[in-house]
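Per this note's numbering, the sequence shown starts with residue 128, numbered consecutively.
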Amino acid sequence: MSETGQNLLVDLPLLWAIFRRRLPLFIGSALAVLVAVMLVTLQMTPRYSARSTIIFDASKTDIADVTSILSGLGGDSSAVDTEVEIIKSRKIAEKVAVELDLYNDEEFNAALGDGGGIKGFIKNLMPGQFEKTVDQEIEETLAAERVVDAVMKRVTVEREGLTYVISIIFESVDQTKAALIANTYADEYLNDQHDAKFEELRRFNERIAVQIDAQRERLRIAEEKVQQYRVENGLLDAEGISLTEQQISDVYSQMTIKRADLAAKQARLNNVNSRLAAGDSAATTTEVLASPVISELRAKQADIGRRKSDLETRYGALHPSVVKVKNEQAEIRTQIAAEVNRVVASLRSDVNVARKEVGSLEDALAELRGELTGNNQALVGLRELEREANSDREVY
């Protein structure tokens, strides 16, 4: 065997002898490391984790539907990721710190352990209690920021895969505190969302109120235009029809009555005239016989006739008494004829008056029909204004 081959051989007995001589050193080193690890471990403060879970409603929100203003997020994945960032934001951490007064908790405010810091400054500072310098105010602000930083370092917000579930995990030296802060994180986030939604609703209501006022004014102006146009063009309504149409209906009804009255009076006059033309000087018609004067005269005429017959029987036709009675009889006939002429003249006058009334109504009807033609043309403009007013009314 060569010299090189002999150098490559391991001398196990020699190594074992060396290990045995240094065994106490090895054991001492191991024990020292073990003690150091135990000391460090015992000095470390235990940490507890608590988890709070938020599940989002994926239904969409329609701002036009006030009842759904708080319905939740949209269905897209980016919306959930956005909410994760909101929960992790400094704004939510500040709300949690204020709500739980973490500014007075030594776990988050290291300055409290040294007897300094801003103990209770968020809730306990009272204006005018003491003078503050600019440096003190800056220090308090920085101390508050450090507390918020400490809170943010302990929280972990993560989405569960691609679901609508978000977990809020918080670590603390106290398991009860960890659970309280995790739940408070969820509560403050939800409160913040509610506040945002209610603020959105408030702004929405303000915008709607302004639009309603403006629309109410437009509706008022439109209705005034319709009414003014009606007045200017005589298109006032009377039970669903125009005033002119109502007047035409009234005039036509009156004219129908007057025409019937004219026809009746004309018929009575024609009857009397036809009797007179036929030689009936007494005109024994209903109209003439209805005259009380003629009735009285005919009663006298009958009495004179009886007297005449009696005198003629006694004294003969040439006796002066008979002649006198004959003269009375002639006078009665003259009076009856005069009364008949007066009745005929009265009938003729009634016919003329009735004819004039019918003519007047016909003229009024013609004028109203002409006005109605103009109104029908004006109705085109009225209907346009009414459509605009109805449109504004629907919008309102």
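For every residue, glycine included, the Cβ atom is placed at its ideal position computed from N, Cα and C. This one's a predicted model, so the numbers in the text were calculated from it and none came from an experiment.
- In this structure, the beta-carbon distance from Leu512 to Ala341 does not fall below 9 Å.
- Unbroken beta strand (DSSP E) runs of no fewer than 3 residues, entirely contained in the region 277 to 323, are found at 282 to 286, 292 to 299, following chain order.
- Per DSSP, Ser176 lies in no alpha helix (DSSP H); the unbroken beta strand (DSSP E) holding it starts and ends at 175 to 182.
- Collapsing the DSSP output to three states places Asp208 in a helix.
- Note that the C-beta distance between Ser299 and Glu233 is not below 9 Å.
- Contact annotation: the region 219 to 231 touches the region 275 to 295, with at least three C-beta pairs closer than 8 Å.
- Relative to Pro173, the option among Arg334, Ala457, Gln302 whose CA is nearest is Gln302.
- Asn400 has its alpha-carbon roughly 36 Å from the corresponding atom of Asp437.
- A straight line joining the alpha-carbon of Ile339 with that of Val353 spans about 21 Å.
- Nearest to Val292 by C-alpha distance, out of Asp377, Ile214, Arg434, is Ile214.
- For Tyr523, the three-state secondary structure derived from DSSP is coil.
- Look at Asp490 here: in three-state DSSP terms it is helix.
- The region 385 to 397 and the region 467 to 486 touch, with no fewer than 3 CB-CB distances between them shorter than 8 Å.
- Each of Ala309, Glu267, Glu266 was checked against the Cα of Val284, and the nearest Cα belongs to Ala309.
- Excluding five sequence positions before and after Gln381, the CB atoms of its chain that fall closer than 8 Å to its own CB belong to Leu488, given in chain order.
- In the three-state scheme derived from DSSP, where H, G and I count as helix and E and B as strand, Arg217 is classed as helix.
- Residue burial annotation: Asn236 is buried, with at least 16 other C-beta atoms found within 10 angstroms of its C-beta.
- In the structure shown, Glu266 adopts helical secondary structure according to DSSP, grouped into three states.
- In the DSSP assignment, Ala144 falls within the unbroken alpha helix (DSSP H) covering 139 to 148.
- The alpha carbon of Asn231 has as its nearest neighbour, out of Ser204, Glu212, Glu458, Ala271, the alpha carbon of Ala271.
- Check the Cα spacing between Ser205 and each of Ile145, Leu158, Arg286: the tightest is with Arg286.
- Comparing alpha-carbon positions, the option among Asn517, Val337, Arg147, Ala157 lying closest to Glu351 turns out to be Asn517.
- Closest option to Glu515, judged by alpha-carbon separation, among Arg347, Leu492, Ala404: Arg347.
- Our two residues, Asp262 and Arg281, have alpha carbons roughly 29 Å apart in a direct line.
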